[in-house]
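Enquirer: Residue 196 is where the sequence shown starts when you use my numbering, and the numbers rise one by one after that.
Quick one: this structure, given as structure tokens, is what I'll be asking you about.
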Amino acid sequence: MDLEAVAEAVENSAEIISAACEGSSIEEPNVGMEFQSEEAAKNFYEEYARREGFVVRLDRCHRSEVDKQIISRRFSCNKQGFHVRVRNKTKPVHKPRASIREGCEAMMYVKVNTCGKWVVTKFVKEHSHLLNASALPYNSLIVSLIFFSPRH
């Protein structure tokens with residue numbers, strides 16, 4: 196397979212993926228949306244993130260002081276915040292790694308209401324970075340089909 200054919204195949208697959216995503220049943224999060232559980236909210240936001248082209252990171256949570264159950268959770272873009280360099284003098288120095296954090300503020304905050312449902316109380320859509328097309332669903336499958344398929 197020559198380079199032009201690969202580029203064309205990738206371009207065609209990207210069009211197929213974006214067309215599939217446009218018809219997706221996953222909607223954009225909005226304040227007031229309800230979920231049956233924290234896991235359902237997480238799955239929803241991860242699917243939304245996959246469609247939009249970013250990766251979700253489980254961020255802060257708050258627990259009840261009475262029974263220590265989680266009562267609120269923030270799901271963030273994995274590029275949220277900035278890397279804080281902390282050096283522990285008792286451990287050996289490890290190879291420094293590049294930080295992927297860029298100060299992105301995109302997030303979804305959910306809380307448990309009095310009925311036990313998880314409700315979106317805050318949603319920030321805007322990212323401070325370009326979104327990544329490789330985070331789109333099925334992209335790795337298509338790339339593997341292109342590069343690892345038997346040649347004819």
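Where is the CB? At the ideal position from N, CA and C, for every residue including glycine.
Since the structure is predicted, the reported quantities are computational estimates derived from the model, not experimental observations.
#1: What residue from 268, 245, 315 and 244 has the CA that sits closest to residue 225's CA?
#2: Enumerate in chain order the residues of its own chain whose CB-to-CB distance from residue 265 is below 6 Å, with the five nearest sequence positions on each side excluded.
#3: My output table needs one value for residue 239: the three-state DSSP class, helix, strand or coil.
#4: Does residue 305 pass the burial test, meaning 16 or more other C-beta atoms within 10 Å, or should it be called exposed?
#5: Considering only DSSP beta bridges, list what residue 265 is partnered with.
#6: Give the secondary structure of residue 223 by DSSP, where H, G and I count as helix, E and B as strand, and everything else as coil.
#7: Can you tell me whether DSSP reads residue 247 as helix, strand or coil?
#8: Taking the straight line between their C-alpha atoms, what separation do you get for residue 243 and residue 311?
#9: Name the one or two DSSP bridge partners that residue 271 has.
#10: Spatial neighbours of residue 326 within its chain, please: C-beta separation below 8 Å, excluding the five flanking residues on both sides.
#11: Hey, out of 317, 318, 269 and 301, whose CA is closest to residue 234's CA?
#12: Helix, strand or coil for residue 229? Go by DSSP, reduced to three states.
#13: Give me the Cα-Cα distance between residue 307 and residue 229, rounded to the nearest whole angstrom.
#14: Give the straight-line distance between the Cα atoms of residue 231 and residue 238, rounded to the nearest whole angstrom.
#15: Considering only C-alpha positions, which residue in the set 222, 267 and 303 is nearest to residue 251?
Expert: Checking against the coordinates, here is how it stands:
#1: Your numbering for residue 225 matches position 30 in the sequence shown. Residue 225 has its Cα closest to that of 315, out of 268, 245, 315 and 244.
#2: Locating residue 265 in the sequence shown gives position 70, where the first residue counts as 1. Excluding five sequence positions before and after residue 265, the CB atoms of its chain that fall closer than 6 Å to its own CB belong to 256 and 258, given in chain order.
#3: The residue labelled residue 239 in the question sits at position 44 within the sequence shown. Of the three classes helix, strand and coil, the one that applies to residue 239 here is helix, per DSSP.
#4: As a position in the sequence shown, residue 305 is number 110, starting the count at 1. Buried.
#5: Within the sequence shown, residue 265 is the residue found at index 70, counting from 1. Paired residues: 258.
#6: Mapped onto the sequence shown, residue 223 falls at position 28. Here residue 223 sits in coil by DSSP.
#7: Your numbering for residue 247 matches position 52 in the sequence shown. Helix.
#8: Looking up residue 243 in the sequence shown gives position 48. Looking up residue 311 in the sequence shown gives position 116. Their Cα atoms are separated by approximately 23 Å.
#9: Position 76 of the sequence shown, counting from 1, holds the residue named residue 271. The partner list for residue 271 (beta bridge, DSSP) reads 252 and 302.
#10: The residue labelled residue 326 in the question sits at position 131 within the sequence shown. Correct list, in chain order: 247, 248 and 249.
#11: Along the sequence shown, read from residue 1 onward, the residue named residue 234 stands at position 39. Of the candidates 317, 318, 269 and 301, the one whose C-alpha sits nearest the C-alpha of residue 234 is 269.
#12: Residue 229 sits at position 34 when you count from the first residue of the sequence shown. Looking at residue 229 - three-state DSSP - the assignment turns out to be strand.
#13: Residue 307 sits at position 112 when you count from the first residue of the sequence shown. Residue 229 sits at position 34 when you count from the first residue of the sequence shown. Roughly 9 Å between the two C-alpha positions.
#14: Mapped onto the sequence shown, residue 231 falls at position 36. Mapped onto the sequence shown, residue 238 falls at position 43. For residue 231 and residue 238, the distance between alpha carbons rounds to 11 Å.
#15: Looking up residue 251 in the sequence shown gives position 56. Nearest of 222, 267 and 303 to residue 251, Cα basis: 303.
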